[in-house]
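Heads up: the sequence lines are chains A and B, in that order. Just so you know, we're using UniProt numbering here: the first sequence kicks off at 1 and counts up by one. Just so you know, we're using UniProt numbering here: the second sequence kicks off at 1 and counts up by one. For every residue, glycine included, the Cβ atom is placed at its ideal position computed from N, Cα and C. Structure first, then comments.
Number of protein chains: 2
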Amino acid sequence: MTRQELFTNIKKKRSFLCVGLDTDITKIPSHLHKEQDPIFEFNKQIIDATADVTVAYKPNIAFYEALGPKGWESLQKTLDYIPNDIFTIADAKRGDIGNTSALYARAFFEAMSFDSITVAPYMGRDSVKPFLQFDGKWVILLGLTSNEGFADFQNEPMADGKKLFEKVITTSQQWGSADNMMYVVGATRGEMFKEVRALAPEHFLLVPGIGAQGGDLEATCKYGMNSQCGLLVNSARGIIYAGNGVDFAEKAKLAATDLQQQMDEMLEKYL
Amino acid sequence: MTRQELFTNIKKKRSFLCVGLDTDITKIPSHLHKEQDPIFEFNKQIIDATADVTVAYKPNIAFYEALGPKGWESLQKTLDYIPNDIFTIADAKRGDIGNTSALYARAFFEAMSFDSITVAPYMGRDSVKPFLQFDGKWVILLGLTSNEGFADFQNEPMADGKKLFEKVITTSQQWGSADNMMYVVGATRGEMFKEVRALAPEHFLLVPGIGAQGGDLEATCKYGMNSQCGLLVNSARGIIYAGNGVDFAEKAKLAATDLQQQMDEMLEKYL
């Protein structure tokens, strides 16, 4: 998917919502356990309920990997079920030496046909570039994450006065462009979106941390939105576990629609 | 496995060899393709041929993940086949926010029962600590990697004059000890082992990059060995693809034994 297509979808749906399919077998409604593939059945109903107001789906791969081979089958079925015009993100946080990153790229982009994958930057250029060799596919590089551990390394100043996350954002622009790279910036970072936008005015940002983690949608949009919106704001638990009964999908739809309406206002105000 | 048990094995076998089971379906001998599970059959023969001179096996998870659900089955069978007294490393380079890292930890330590997993440090404390909650299990944190991209971030100076990899090694010692953490330091880093040993004198180091990547065993041992050896030196391609015919396992045994003999000399000289 191209940047323009993504923006077109955002304008059409008046939404920049990404739904995190972090589907945990211990948290899904009990009536689904009688299904042959409870994880896929859950995802299918969530997708049916939210696709109208959603521009991206992001399964966190850990949740599927934790289930062994069966988990990968549920993931593949989920991916196949997502409508083609919705952007898909493998939240895998991979990154290895060149030939191994190339293998991960083929696994997620070709075997599974995700549109994008999250990548960790610590190993540098040859761990990231192999993911950038695929037309229409995206790298979403960890920049400034939503968790408390962001303070240990990412937010630490380098010798030149810039922080590590700033160096990651600057250096990585030698490898890819706003047409095939995005950055992860947590919604919990508030005004720091200004610093990110100073370095990457055109890139899309994938923004986790709204909801359970306490991130602020208004601050994210005020400081992070650009002329093509430039934001994919992720919500997982707040949507997929909005209900826990037979009506879980209906509850998810309400929660997603509520966020979409807030996003509509933000687009009105800041785009 | 405890640090003392690992050192006991090293002394007994006069070896600190880790064999990288980076098994690529396109590179294994063609006669194995008729097997029901060619990847497992290859690994089984490699393990049979090298277990005598090996103290650790390290499958790089990318190679199995790339094959989808079947790959995970081959990985599980391989892990079950490795003798119990040999240390096992899931080279997965995972790292995510706390609850997700906990899920990865359960997947690799409980569902699959690896002794250790490689972890990327970029997301900081709460991405690493969940892996340290398991008795007898180890985190192997990326420190100074063997690839050229190490220069982009790891080797860059911070405001306090220390390099990022030094900060990673120092800060992470607040989370774990030499009894449950190791660091990845590439054999291509030569004298830089001195800087690592100044910060982590007692920790084991996992050392990739011997062989195909051009790392130097002598320099690694001269600057990196401590009183408990403190090194697990990995070789993958140089051993598992030493031959490509029906005698591939025999060739692998020769290559592994050759390295073990060099290691015996190094132990004589530097331990």
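- So which residues on chain B does R125 (chain A) lean against when the C-beta distance must stay under 9 Å? Residue numbering aside, residue 125 (chain A) sits at position 125 when the first sequence is read from its first letter. The answer, in chain order, is N147, E148, G149, A151 and D152.
- Taking the C-alpha atoms as reference points, what is the distance between E195 (chain B) and T145 (chain B)? Indexing the second sequence from 1 puts residue 195 (chain B) at position 195. Indexing the second sequence from 1 puts residue 145 (chain B) at position 145. Rounded to the nearest angstrom, the two C-alpha atoms are 14 Å apart.
- Message: Distance cutoff 8 Å, beta carbons only. Does G214 (chain B) sit that close to anything in chain A?
- Response: Sequence index remark: in the second sequence, residue 214 (chain B) carries index 214 (1-based). For G214 (chain B), the answer is no, since every Cβ of chain A falls outside 8 Å of its Cβ.
- Considering only residues of the same chain and omitting the five flanking positions on each side of L271 (chain A), which have a CB-CB separation below 8 Å? Residue mapping note: residue 271 (chain A) aligns to position 271 of the first sequence, counting from 1. Excluding residues within five positions, the ones whose Cβ falls inside 8 Å are M225, S227 and C229.
- Query: Short check: CB of R14 (chain A) to CB of D179 (chain A), under 8 Å?
  - Reply: Residue numbering aside, residue 14 (chain A) sits at position 14 when the first sequence is read from its first letter. Residue numbering aside, residue 179 (chain A) sits at position 179 when the first sequence is read from its first letter. No, the Cβ-Cβ distance between R14 (chain A) and D179 (chain A) is not below 8 Å.
- Could you check what DSSP says for M266 (chain A) in three-state terms: helix, strand or coil? Taking the first sequence and counting its residues from 1, the one referred to as residue 266 (chain A) is at position 266. Correct three-state label for M266 (chain A): helix.
- Task: From the DSSP output, in three-state form, read off G143 (chain B) for me.
- Result: Numbered from 1 along the second sequence, position 143 holds the residue referred to as residue 143 (chain B). Reduced to three states, the DSSP call for G143 (chain B) is strand.
- Item | Backbone secondary structure at M158 (chain A) - three-state DSSP | To locate residue 158 (chain A), count along the first sequence from 1; it is residue 158. Strand, per DSSP.
- Do F87 (chain A) and S116 (chain A) have their C-beta atoms within less than 8 Å of each other? Numbered from its first residue, the first sequence carries residue 87 (chain A) at position 87. Numbered from its first residue, the first sequence carries residue 116 (chain A) at position 116. Yes. Within cutoff.
- Between the Cα of A92 (chain B) and those of B:G143, B:Y104 and B:P83, spot the shortest distance and give me the residue it belongs to. Along the second sequence, read from residue 1 onward, the residue named residue 92 (chain B) stands at position 92. For A92 (chain B), the nearest C-alpha among the options comes from B:Y104.
- Message: Check this for me: beta carbons of G176 (chain B) and F150 (chain A), under 8 Å apart or not?
- Response: For the purposes of this step, residue 176 (chain B) is taken as residue 176 along the second sequence, with counting starting at 1. For the purposes of this step, residue 150 (chain A) is taken as residue 150 along the first sequence, with counting starting at 1. No, the pair does not count as a contact, with Cβ atoms beyond the cut-off.
- Within 8 Å of chain A by C-beta, residues of the stretch 157 to 168 of chain B in sequence order: P157, M158, A159, G161, L164, K167 and V168
- Message: Quick check: the Cα distance between F42 (chain B) and D126 (chain A), rounded to an integer number of angstroms?
- Response: Numbered from its first residue, the second sequence carries residue 42 (chain B) at position 42. Numbered from its first residue, the first sequence carries residue 126 (chain A) at position 126. Going by C-alpha positions, F42 (chain B) is about 29 Å away from D126 (chain A).
- If you count every other CB in all the chains shown that lies within 10 Å of the CB of G245 (chain B), and 16 or more means buried, which is it? What you label residue 245 (chain B) is simply residue 245 of the second sequence in a count that begins at 1. Classification for G245 (chain B): exposed.
- Note down, in chain order, every chain A residue with its Cβ under 7 Å from the Cβ of K27 (chain B). Within the second sequence, residue 27 (chain B) is the residue found at index 27, counting from 1. Here the premise fails: no neighbours, minimum Cβ distance about 11 Å.
- Of all the CB atoms in chain B, is at least one closer than 8 Å to the CB of I97 (chain A)? For the purposes of this step, residue 97 (chain A) is identified with residue 97 of the first sequence, where counting begins at 1. With 8 Å as the cut-off, I97 (chain A) counts as an interface residue toward chain B.
- Query: Would you call the stretch 54 to 74 of chain A and the stretch 28 to 39 of chain A touching, i.e. three or more CB-CB distances under 8 Å?
  - Reply: yes
- Closest by C-alpha distance to A249 (chain B), when choosing among B:I47, B:G68, B:T8 and B:L6: Your numbering for residue 249 (chain B) matches position 249 in the second sequence. Looking at the Cα atoms, B:I47 is the closest of the given residues.
- Task: Mind listing the chain B neighbours of T171 (chain A)? Cutoff is C-beta to C-beta under 7 Å, in chain order.
- Result: Locating residue 171 (chain A) in the first sequence gives position 171, where the first residue counts as 1. Neighbours of T171 (chain A) on chain B, chain order: D152.
- If V119 (chain A) and V139 (chain A) are in contact, beta carbons under 8 Å, what's the gap, nearest whole angstrom? For the purposes of this step, residue 119 (chain A) is taken as residue 119 along the first sequence, with counting starting at 1. For the purposes of this step, residue 139 (chain A) is taken as residue 139 along the first sequence, with counting starting at 1. V119 (chain A) to V139 (chain A), Cβ: 5 Å. Contact.
- Item | Three-state class that DSSP yields for V55 (chain A) in the structure shown | The sequence position of residue 55 (chain A) within the first sequence is 55, counting from 1. Three-state result, V55 (chain A): coil.
- Query: Since G20 (chain A) meets chain B, which of its residues come closer than 7 Å, beta carbon to beta carbon?
  - Reply: Residue mapping note: residue 20 (chain A) aligns to position 20 of the first sequence, counting from 1. Within chain B, no residue comes near G20 (chain A); the closest Cβ sits about 11 Å away, beyond 7 Å.
- Message: For the beta strand (DSSP E) containing R14 (chain B), name the first residue and the last one.
- Response: Residue numbering aside, residue 14 (chain B) sits at position 14 when the second sequence is read from its first letter. Unbroken run through R14 (chain B): none, as it is neither H nor E.
- Task: Closer than 7 Å by beta-carbon distance: list the chain B residues that pair up with F114 (chain A), in chain order.
- Result: In the first sequence, residue 114 (chain A) corresponds to position 114, counting from 1. Within chain B, no residue comes near F114 (chain A); the closest Cβ sits about 13 Å away, beyond 7 Å.
- For a contact meaning CB atoms closer than 9 Å, what does A111 (chain A) contact in chain B? Locating residue 111 (chain A) in the first sequence gives position 111, where the first residue counts as 1. By Cβ distance, chain B contributes A66, L67 and G68.
- Taking just the CA atoms, how far does Q174 (chain B) sit from P121 (chain B)? Taking the second sequence and counting its residues from 1, one reaches residue 121 (chain B) at position 121. Taking the second sequence and counting its residues from 1, one reaches residue 174 (chain B) at position 174. Using only the alpha carbons, I get a separation of about 13 Å.
- Task: Could you round the C-beta distance between A200 (chain A) and Y223 (chain A) to whole angstroms and report it? I think they count as a contact, below 8 Å.
- Result: In the first sequence, residue 200 (chain A) corresponds to position 200, counting from 1. In the first sequence, residue 223 (chain A) corresponds to position 223, counting from 1. Actually they are not in contact, since the Cβ atoms of A200 (chain A) and Y223 (chain A) sit about 13 Å apart, beyond 8 Å.
- Going by alpha carbons, who is nearest to L32 (chain B) out of B:A56, B:Q261 and B:D247? Counted from its first residue, the second sequence places residue 32 (chain B) at position 32. The candidate whose alpha carbon is nearest that of L32 (chain B) is B:D247.
- Query: Quick check: the stretch 1 to 21 of chain B against the stretch 58 to 65 of chain A, are there 3 or more CB pairs under 8 Å?
  - Reply: no
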